[in-house]
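**Q** Sharing a structure below in structure tokens format, with a few things to ask.
Residue numbers (this note's numbering): 18 to 176.
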């Protein structure tokens, strides 16, 4: 910067804390901002994914029912539940992106995915050995890992 011109080289090192006032005690504002931005972008991406998923479940319900082995007479019940859940998750993701410091939405997101992961695994092991149950459990567990890791990183840097 122009205000450092003419100072001896040693003087520049002495002024380092002034040039970068956000660095103190191992805390880095730029890393915190980038972690917050990554969290926000990921939550917005999940919002879009869940919204599209809700539309796909709604309009392609017969195809999904056949993949998951849901009997035709139960598919309308299943569609209503899945569309409402995907819509709720889109809303929770959107709210998380607006306020990354609010843990309520993240906890709801993680709780929903933990319950669905457990439900899919239980369905696979105790009801019917459909590979779709394992795929769904793996996807939902992946969401837990991604959201949890992004949130943990944000917490580690001081929100």
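Just so you know, even glycine gets a beta-carbon here, dropped at the ideal spot from N, CA and C. Here the structure is a predicted model, which is why all the values come from computation and not from measurement.
To the nearest angstrom, report how far apart residue 159 and residue 150 are at their CA atoms.
**A** As a position in the chain shown, residue 159 is number 142, starting the count at 1. As a position in the chain shown, residue 150 is number 133, starting the count at 1. If I take the Cα positions, the gap works out to 14 Å.
**Q** Taking C-alpha atoms, which residue in 80, 114, 122, 127 lies nearest to residue 53?
**A** Residue mapping note: residue 53 aligns to position 36 of the chain shown, counting from 1. Of 80, 114, 122, 127, the residue nearest in Cα terms is 114.
**Q** Just list the beta strand (DSSP E) runs in the region 62 to 118, keeping only unbroken ones of 3 residues or longer that don't cross its boundaries, in chain order.
**A** none
**Q** Would you give the residue range spanned by the alpha helix (DSSP H) that residue 141 belongs to?
**A** Residue mapping note: residue 141 aligns to position 124 of the chain shown, counting from 1. Taken as a continuous stretch (DSSP letters only), residue 141 belongs to no alpha helix (DSSP H), as it is neither H nor E.
**Q** Please report the straight-line C-alpha distance between residue 164 and residue 56, rounded to a whole angstrom.
**A** Position 147 of the chain shown, counting from 1, holds the residue named residue 164. Position 39 of the chain shown, counting from 1, holds the residue named residue 56. Going from the Cα of residue 164 to the Cα of residue 56 covers about 8 Å.
**Q** Assess, as a yes-or-no matter, whether the region 141 to 157 is touched by the region 74 to 93 under the definition of 3 or more beta carbon pairs within less than 8 Å.
**A** When C-beta atoms of the region 74 to 93 are compared with those of the region 141 to 157, three or more pairs fall below 8 Å, so the two segments count as touching.
**Q** So for residue 18, helix, strand or coil by DSSP?
**A** The residue you call residue 18 lines up with position 1 of the chain shown. The pLDDT assigned to residue 18 is 49, lower than 50, so where the model puts this residue is not dependable, and the model offers no usable value.
**Q** Is residue 136 near residue 49, with beta carbons less than 8 Å apart?
**A** The residue labelled residue 136 in the question sits at position 119 within the chain shown. The residue labelled residue 49 in the question sits at position 32 within the chain shown. Contact flag unset, no.
**Q** For the alpha helix (DSSP H) that contains residue 170, what are its first and last residues?
**A** As a first step, residue 170 must be located in the chain shown, where it is residue number 153. Here the alpha helix (DSSP H) through residue 170 covers 148 to 173.
**Q** CB-CB under 7 Å to residue 126, same chain, minus the five flanking residues each way: which ones, in chain order?
**A** On the chain shown, position 109 is the one that residue 126 refers to. Once the five neighbours on either side are set aside, the close Cβ partners of residue 126 are 106, 109, 110, 113, 164.
**Q** Let me make sure I understand the geometry here. Which of 133, 167, 73, 79 has the alpha-carbon closest to that of residue 153?
**A** Counting from one through the chain shown, the residue named residue 153 turns up at place 136. Out of 133, 167, 73, 79, 133 has the C-alpha closest to the C-alpha of residue 153.
**Q** Can you give me the C-alpha to C-alpha distance between residue 64 and residue 70, rounded to a whole angstrom?
**A** Your numbering for residue 64 matches position 47 in the chain shown. Your numbering for residue 70 matches position 53 in the chain shown. Roughly 10 Å between the two C-alpha positions.
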